[in-house]
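Here the structure comes first, spelled out in structure tokens, and everything after it is commentary.
Chains as they are written, first to last, in the UniProt record's numbering: chain A, 1 to 489; chain B, 1 to 489.
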């Protein structure tokens, strides 16, 4: 039995030491250890284990429907019609929903959304997207050929970063990302082996972006890599700020001067709540700055069906628009996306509806508008509520939640708590959030998962729980923070 | 206006020379230049341009619904119910469809399939998959924790290859793939910068796999890289063979001895047509070979909702099962998939239905079985028809289409045609397929897109067009081949 013994001693081919080293460096806090623990606590609660709380409230992720937000009726009607076209004979469905469904089905091979589509996405949907962008941007033209439908915004962002990553050592592509950032960026850069270049948002000025900080960060990076990309998230995740038009102009001018490819993550474009704030797309500002900018600066802008008033995260829909992309590179992009065949067709369909919703004279218009406005109004109220309650807590300082779906308050932690955390080998805000979770069932993400200025601590909390629950949650955080501070002072 | 001029001279950041070099080497023939040309021809036909044909027939891709295959009613009913739960009150839907929908919705956050799910996929669906695998494999146990739901099989395959790719130069991971292969593999390896190791299937023995050829290929590769992975596609794509149980045992023994991680692409597991052939999963064979194999050999098996009798390509559903994966690596895998949040939930839902279809006493069982059997029977007839007609053509030699959805016949090309192709800078079978497309509107993929022994030429043709159309198509190919041969002889 020599062979048998030999086989039993066979070492694994794939071990932690022999695996892809880049993958090991990937971190993704939004679904990290604290969320693992939250899932475990939920399981324990179901099994009847006694806890100081009855339910786990997950305010860690922008998952609107999971927090009770209702889907838009019209969108779901059209999706049901597309998936089960027998319903086209059903009187319960409005005519405009049926028209939309027929149009999508006609564009599908064999009139089934079970067929593959063009890899870039269904033609007529890319036209819908282009018209949407033109309306949004006050008539600036949009070529459907520049639109790529995606499997959520993350898919598009990773694809563009992939194209841009090249070189070795000091010529390796560097990518500027805001700190705090949405950790998809750091995760994608780690996986691709690109160089992450941090620029810090100004917490004192409501997380605004200073060009001098971009300059500092770029200068420093040029010592050790080849900075080629500047990523902006607007409205901000996790920081909830909305960029002014002026700031966007400055950023574009900076990217033009410093030869940076701009990536604008604009998935929260409908989520603007604060008075005096408005969403300005990078595309629009770029084109209004004149041909010397609009003919030269390379820009990719990303959108998603997961946020705004739709919150349809599970359908994994999105698009990207690429502007001034070199034609040969664009052909490479089209080839690259073709390997994955096509984005999920239900997500593509949803994107068609988001960008071409019921029109004023159509039967579903009134209900659509009512649902859309109600959802956005509730979000605006919850943004305000969150900021207000958090700012009543001594030791918590929360900037206005101008947009997006998150607050990212600063928390002052006692020295003794910081020391104890470090003894546990934990970041102090992880230690804080873990304690919060164990004592109250509230699941937040520590600021260290997004990046923050050294010596400062934060957490990210979504504003998505229903208003009554959100109030309870905020008051529990308040109580916890006071006790925690007292215990460690 | 110095700034303006400066900007106008600004060179692009991202050019073909400065982009990711790995991406440039990616090729994907299934959606390559011939398909681009087919789309263009379709457009010209729509615009009224005269052609020697009335329609383009795309036999280039395994896209069943696009070729007229009907979706399974029960699957679409449940999907419609999940997307628009108001329909749960509708009498037109059978109770078992409603039960399935309620179960899925209950497992979704906020009872909406618009919520994110666990990154590995919804728990109860992974249980469905595990039970399906246990039934398929005669009771060999399957742990739902080893199941990862995916965005189609391609997503899973790329993810596992990503984990496995490490090292530099002579220590770089080498991955053994069959030639002919499905070009997702070569594309993924190019993108990851892993080393592609070719082993040739034996066309003379109905595309069977010889262990001596694996041995030859492995020995040669060890000179210049670190071979760690062996990929098998069974039933075969593009070659349509079904592996014997004995051959699978030999492959497993080879992988055990040579310390190779096994990747089994089993997306055509229901597509077995030839008498005397049966699908044997690598998992089952591995476990039946005894603990010295089943406790040691690392295996990842992939499945999809896109093939078999479902053909739901557009929904992008799939799963992978990982066996004997190192626990630390598995934690890394779980982390890695979390960055993309979750697979599309409609695709996950469909996978639940595929692995847990209507049971004998449920109201939808009879219709489900009727539809399933009819679809598979028609495919079996078309497999036979394809082989038979192609083999009537002098200069075309087609192996039996034992399984999957493709024929991959060898074509004998006259020397003068080969010469002319080379003068055009084209592969001879690309030259042949382009001519076929221009003259008949039939879109096939040249064998060179999949790899083939030097000096041999092939094309891949799906068996999916409706039987009457398939017959016409095959006879047109016959006529074309005869004329082409005559013209160049």
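For every residue, glycine included, the Cβ atom is placed at its ideal position computed from N, Cα and C.
Query	Result
For residue 214 of chain B and residue 180 of chain B, believed in contact at Cβ under 8 Å, the rounded distance	About 16 Å; that fails the 8 Å criterion.
For residue 332 of chain B: DSSP bridge partner residues	None, per the DSSP bridge assignment.
Best match in B/161, B/485 and B/125 for proximity to residue 416 of chain B [C-alpha to C-alpha]	B/485
Positions along the segment 326-350 of chain A whose CB lies within less than 8 Å of some CB in chain B	326, 328, 329, 332, 335, 336, 338, 339, 340, 341, 342, 343, 344, 345, 346 and 347
Buried versus exposed, by CB contacts within 10 Å (16 or more), residue 276 of chain B	exposed
Straight-line Cα distance separating residue 479 of chain B from residue 345 of chain B	46 Å
Chain-ordered chain B contacts of residue 113 of chain A [CB-CB under 7 Å]	314
Three-state secondary structure (DSSP) of residue 120 of chain B	coil
Residue-level contact to chain B via CB, residue 251 of chain A, 8 Å cutoff	no
C-alpha gap between residue 289 of chain A and residue 182 of chain B, whole angstroms	48 Å
C-beta neighbour in chain A for residue 76 of chain B, strict 8 Å	yes
Test item: CB-CB of residue 273 of chain A and residue 374 of chain A under 8 Å	no
Within-8 Å CB hit, residue 311 of chain B to chain A	yes
Among B/114, B/20, B/83 and B/74, the one whose alpha carbon lies nearest that of residue 314 of chain A	B/114
Proximal chain A residues relative to residue 261 of chain B, where beta-carbon distance stays under 8 Å	13 and 14
Candidates A/355, A/137, A/323 and A/77: closest to residue 364 of chain A by CA position	A/77
Reference residue 71 of chain A, options B/476, B/95, B/27 and B/112, closest by Cα	B/112
Opposing strand residues paired with residue 321 of chain A [DSSP bridges]	A/147 and A/301
Among B/134, B/306, B/397 and B/15, the one whose alpha carbon lies nearest that of residue 75 of chain B	B/306
Terminal residues of the alpha helix (DSSP H) in which residue 22 of chain B lies	21-25
Extent of the continuous alpha helix (DSSP H) to which residue 80 of chain B belongs	73-83
Inter-residue spacing [alpha-carbon to alpha-carbon] between residue 284 of chain B and residue 146 of chain B	15 Å
Secondary structure of residue 230 of chain A, DSSP reduced to three states	strand
Chain B residues whose Cβ lies nearer than 7 Å to that of residue 117 of chain A	314
Chain B within 8 Å of residue 65 of chain A, Cβ atoms only	yes
Selection of the segment 16-32 of chain A by Cβ proximity to chain B, strictly under 7 Å	16, 18, 19, 20, 21, 23, 24, 26, 28 and 31
Contacts that residue 162 of chain A makes with chain B (C-beta to C-beta distance below 7 Å)	20 and 23
Range of the contiguous alpha helix (DSSP H) that encloses residue 381 of chain B	365-390
Cα-Cα separation between residue 209 of chain B and residue 247 of chain B, rounded to whole angstroms	7 Å
For residue 168 of chain B, the nearest candidate out of B/158, B/143, B/194 and B/148 (CA to CA)	B/194
Any 3 or more C-beta pairs closer than 8 Å across the segment 440-455 of chain B and the segment 52-63 of chain B	yes
Stretch-stretch touch, CB-based, cutoff 8 Å, three pairs: the segment 376-391 of chain A with the segment 464-478 of chain A	yes
CA-to-CA distance, residue 451 of chain A to residue 189 of chain A, given in whole angstroms	15 Å
Residue range of the unbroken alpha helix (DSSP H) whose run includes residue 100 of chain A	95-106
N- and C-terminal bounds of the beta strand (DSSP E) containing residue 261 of chain A	261-265
Of the residues A/252, A/27, A/20 and A/52, the one placed nearest residue 230 of chain A, counting alpha carbons only	A/252
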